[in-house]
Structure formats: structure tokens, C-alpha cells
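**Q** Encoded as C-alpha cells, here's the structure I'll be asking about.
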Amino acid sequence: MRPFDFQRASGAAEAMDPGLRVIAGGTNLLDLMKHEVETPARLIDVNHVGLDEVRREGEGLRIGALVRNSDLAAHEAVRRDWPLLSRAILAGASGQIRNRATTGGNLMQRTRCPYFYDIHARCNKREPGQGCDAIGGFTRSHAILGASEACIATYPGDMAVALTALDAVVEVEGQGGAREIPAAGFHRLPGDDPSRDNDLRPGEFITGVRLPAPLGGRQVYRKVRDRRSYAFALVSVALAVTMEGGRMTRVRLAFGGVAHKPWRVPEAEALLEGHAPHAALFDRAADAVLEGARGQGDNDFKIELLRRTLVATLTDATGDAA
Ligand SMILES: Cc1cc2nc3c(=O)[nH]c(=O)nc-3n(C[C@H](O)[C@H](O)[C@H](O)COP(=O)(O)OP(=O)(O)OC[C@H]3O[C@@H](n4cnc5c(N)ncnc54)[C@H](O)[C@@H]3O)c2cc1C
Ligand code: SF4
């Protein structure tokens, strides 16, 4: 690990300096620094700036950026009214990591592409213009949707997949003022500049996340992975579905492990809404989600896996095995 300066912020404004690198739980950043994938010269510890509360705001909920993953998953209102979020968080990492990891840090966690972590490999995300050793390499964990010629990595997190399905908003603040970014638009596709994971501008700091009124209905987070714990998603499905009179009246879906961002396809939701659950309809929704999907060889299985996981999740949640 390279030497670095360290300071502790007493207020969030101190963290809005493009020359400083924020450290929260440290569960991702410290690993990246130990591997010298990231070598920030100046760290600012934001663990003492507050922003560690979950509070009701009208019908919704405001989650401070420093709320720990364990506290958020266990929060009474989250478990009762936004169970999808609680389930997604608990599907991630381990108890010890969740005790330390924060809401802001979780959103900002970096890809788990093994070539990104190997500083001897070529990686456009780590060093723009270098090339991408994953393309034509070992691609089991990589993207099947939205990839580019420059990068085929996935965003690895679970919490953001639930936030995307729940129409959450990320609150950010920088020297230019405060703004809000829909969770569905927070992470970006790699395009020709995969070094940028998300829409945050230099010096901007995540202050919190806002959830709108509860969606109700049945909420499921199904994560398929190599081990039952301590493993990132091969594919995951976040679903909130409301049933009335035997029909699906509201459907929210998002997918993890398949793209550089949590994947959301409003067309698939629209296809399902207003209809009775049925296997053929679920298959058509899967077609819509998988439009343009392309494997890289080792990860071709993810296309069928995503289809089956979606159909199984919809079938279980709507109680229809047709
Ligand atoms: C072994 C292991 C297994 C894991 N498995 C999973 C899993 O299955 N699912 C999953 O979702 N995650 C998993 N994780 C990732 C874990 O959830 C993240 O490491 C954690 O959420 C990051 O939060 P943190 O507070 O520790 O962030 P840090 O490590 O402190 O920071 C991460 C990044 O966020 C930036 N940052 C932090 N807070 C802010 C803020 N408020 N505003 C702007 N930037 C900020 C930092 O500068 C840094 O770039 C795993 C991690 C490990 C080590
Ligand atoms: S897929 Fe992306 S993160 Fe992985 S090596 Fe290629 S450019 Fe780097």
C-alpha cells in the first residue's frame, strides 16, 4: 500500500473537495488500496459527520449516507414497508462487512472484474486507453447487457438493485450545490469511458437516499451465486408485484450481476401489468428483458439463467405455477 495523508471530517462539507478521497466503512476502498488498484494521496474519513439516521419523510423514508448496511436491513420500517431493500442487503457480503459498510459506500463500490484488481492486466476502467484483458479472457462474472468494446464489467452490488426497483433517489451535494439522481440513473453504462462508474461529479458527496411511499404487494430479492453467502450475484432479480383481482396491477423489476449498472426494463413491467400471471407471459417479459443480450463465452449461461430466475421469481411471487 502506498503512503497517504489522512484526515477526519467533522461535517459533510469538508468531504466535498475534489482533491480528497472519502473513506466510509473502508470495506472496498482499503482492499483497492492494498492491491494498489487505487492510490489516493489524501483520504478523508467521513464516519463522524452524522448522516447516520433513517427517518420517515412524509410517506417515504430518508436514509443517511452513513447508515450501516446491517442497521438499514434491520430497521423496523424498512423490514415492514420496503422488505425488498432489507432482503437485498442481507443477500450481500457477510454480517461483519454489513456491520461496517455504509449506504453511500455500497452504492459506490467498484466492479469485481478480476482484471480490474490485477494491476498487471490491461484495464480501461483502471487506466483509460490501456485496453481490456477481460475481452477474450475469463468472463464468467461479466456483463450480458449494455457492455461496450471498452469494458464488459458488471456493477456487483445488491442494495442498488433493490433501490432501482423501488424508484429511490440518491441525494448528492458538492461545491456547486445539492442535486438528486434517480437510483435507476445513478450508475452508468461503460461506453467508451468505463473509468466512470456513475453519475457523481468530482467533489460530489452522497448525503443520503430517499425512498418514495411503500409499493406494498409481494417483494422478493432472488440472488443466484456460486455460494450461499459471501459471493456476488451471477444474476439477481428484485421484484415488487401488487395483485388485485387475480391480475398484476403494479410490477417493478430490476436485475443485478448482468450489466455495468442495475438493469431495469420498463417495457417488461408494462407487459406484465394488468394481466393475470401466466407462464407464457412471464416468458415474454423475459424476452423483453433479454433483448440485445450477448454472452462473452464463459458467461453465456447467464442469459438462460436470467430468464429462468425471472420466471421462477414471478411464478413464486404471484402464486401461479401455470
Ligand atoms: C468479501 C466481500 C464480499 C462482498 N460481497 C458483497 C455482496 O455480495 N453484495 C454487495 O452488494 N456487496 C458486497 N461486498 C461489497 C460491500 O458491500 C462494499 O464493500 C461496501 O458496501 C462498501 O461500503 P463502505 O462504506 O465500506 O465503502 P468504502 O470502502 O469506505 O468506500 C467505497 C467507495 O465509496 C466512496 N464513498 C463512500 N461513501 C461515500 C459517500 N457518502 N459519497 C461519495 N462517495 C463515497 C469511497 O470514496 C470509495 O470510493 C462485499 C465486500 C467484500 C469485501
Ligand atoms: S471488463 Fe472493464 S473492468 Fe474488466 S478489465 Fe475490462 S475494462 Fe477493466
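Numbering (the numbering used here), first residue to last: 197 to 518.
Yeah, the Cβ is synthetic: ideal placement off N, Cα and C, and Gly gets one too.
The structure displayed is predicted, hence computed values, not measured ones.
1. Mark Met304 as exposed unless 16 or more other C-beta atoms lie within 10 angstroms of its C-beta, in which case mark it buried.
2. Given this structure, state the Cα-to-Cα distance separating Asp314 from Arg414, to the nearest angstrom.
3. Taking Leu226 as the reference, give the member of Ile240, His456, Gly215 with the closest Cα.
4. Would the beta-carbon of Ala143 fall within 8 Å of that of Val420?
5. Restricting to Cα atoms, I'd like to know which of Ile348, Ala356, Val365 is closest to Asp388.
6. Per DSSP, which residues does Ile219 bridge with? Please list them.
7. Which same chain residues end up closer than 7 Å to Gly256 when comparing Cβ atoms and leaving out the 5 residues on each side of it in sequence?
8. Any chance the segment 271 to 289 sits against the segment 320 to 333, with 3 or more Cβ pairs inside 8 Å?
9. Verify the contact flag: Tyr351, CB atom, against every heavy atom of ligand 2, threshold strictly below 7 Å.
10. In the DSSP assignment, the beta strand (DSSP E) including Gly201 goes from what residue to what residue?
11. Would you call the CB atoms of Asp213 and Gly399 closer than 8 Å?
12. Compare the C-alpha of Asn243 against each of Met229, Ile499, Gly301 and name the closest.
13. Do you know offhand how far Ala380's Cα is from Phe312's?
14. So, with DSSP's three-state summary, where would you put Ile259?
15. Less than 8 Å separating the beta-carbons of Ala450 and Thr360?
16. If you reduce the DSSP assignment to three classes, tell me which class Ile499 lands in.
17. Alpha carbon to alpha carbon, what distance is there between Glu440 and Ala209?
18. Short of 7 Å in beta carbon distance, which residues of its chain neighbour Arg308, apart from the five on each side in sequence? Order them along the chain.
**A** Reading off the structure:
1. buried
2. 41 Å
3. Ile240
4. This structure does not reach residue 143, given that the chain is present from 197 up to 518, and the question cannot be answered.
5. Ile348
6. Asp241
7. Arg406, Leu407, Pro408, Ala409
8. no
9. no
10. Contrary to the premise, residue 201 reads as Asp rather than Gly in this sequence. Note, Asp201: beta strand (DSSP E), 201 to 204.
11. yes
12. Gly301
13. 24 Å
14. strand
15. yes
16. helix
17. 47 Å
18. Ser337, Pro352, Phe428
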